[in-house]
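**Q** Please see the structure below; I have some questions.
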Ligand SMILES: Cc1cc2nc3c(=O)[nH]c(=O)nc-3n(C[C@H](O)[C@H](O)[C@H](O)COP(=O)(O)O)c2cc1C
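Residue numbers (the working numbering): 38 to 225.
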């Protein structure tokens, strides 16, 4: 069975990302074809990238990088739960992605975006980044609007159709995550 990380892409106090990630996790728990874990980049206390050697070399000098590397390497696929900040993903998530390289390669990714325009530009931004990391990003995605899925722009009350969108995204993610796991095993 493949292992999937649901990555909380924001770190700011009062962030909505944690609630959104937990909602995705609860929907994911209804299925038995993959294992899921919420991963909070905040827990890894990553500074702005401070490794002297490019991550593609895999020679890390800091404990925080080794801890982050071990966690990300342990998964076959990722759900990035991303806010939209200035038409892109968060600096914190981009920084956390940039810390590593081979840990991401030949894995799969799905996206849950949220924001004033449902995080669509943040997800498009992440899809570009995934290409360079050789991560296969699935088409089905989830977009949550601050206007219609958060009461008074604060309390998370997702419209009912979003659960189906999460399921479609996970269906594709599990299929691709499984196929790429087979590929990695053949290459090993
Ligand atoms: C620095 C910053 C920039 C933002 N830029 C955008 C934006 O370009 N487009 C948008 O739709 N929402 C934007 N928003 C609204 C956020 O998507 C929204 O506040 C969201 O809840 C942020 O995620 P978080 O609460 O998990 O940090 C921005 C918010 C912040 C804090």
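Where a beta carbon is used, it is the ideal one built from N, C-alpha and C, also for glycine.
#1: Please classify residue 142 as buried or exposed, where buried requires at least 16 other C-beta atoms within 10 Å of its C-beta.
#2: What would DSSP say about residue 40, mapped onto helix, strand or coil?
#3: So is the beta-carbon of residue 69 under 7 Å away from any non-hydrogen atom of ligand 1?
#4: Would you list the one or two residues that DSSP bridges to residue 182?
#5: Identify which residue in 62, 208, 176, 135 has its Cα closest to the Cα of residue 83.
#6: According to DSSP, simplified to helix, strand and coil, what is residue 97?
#7: Count the other CB atoms, across all protein chains shown, that sit within 10 Å of the CB of residue 80; report buried if there are 16 or more and exposed otherwise.
#8: If residue 121 sits next to residue 156, beta carbons under 8 Å apart, how far is it from one beta carbon to the other, in whole angstroms?
#9: Less than 7 Å separating the Cβ of residue 154 from some heavy atom of ligand 1?
**A** In terms of the structure at hand:
#1: Within the chain shown, numbered from 1, the residue matching residue 142 stands at position 105. Flag for residue 142 reads exposed.
#2: Stepping through the chain shown from its first residue, residue 40 is reached at position 3. Residue state, collapsed to three classes: strand.
#3: By 1-based counting over the chain shown, the position of residue 69 is 32. Residue 69 Cβ: outside cutoff for every heavy atom of ligand 1.
#4: Stepping through the chain shown from its first residue, residue 182 is reached at position 145. Residue 182 pairs with 152.
#5: On the chain shown, residue 83 is found 46 positions in, with the first residue counted as 1. Comparing Cα positions, the closest option is 135.
#6: Working through the chain shown from its first residue, we reach residue 97 at position 60. It is coil, neither helix nor strand.
#7: To locate residue 80, count along the chain shown from 1; it is residue 43. Result: exposed.
#8: Residue 121 sits at position 84 when you count from the first residue of the chain shown. Residue 156 sits at position 119 when you count from the first residue of the chain shown. Yes, they are in contact, since the Cβ atoms of residue 121 and residue 156 sit about 5 Å apart, within 8 Å.
#9: On the chain shown, position 117 is the one that residue 154 refers to. Yes, Cβ of residue 154 sits closer than 7 Å to a heavy atom of ligand 1.
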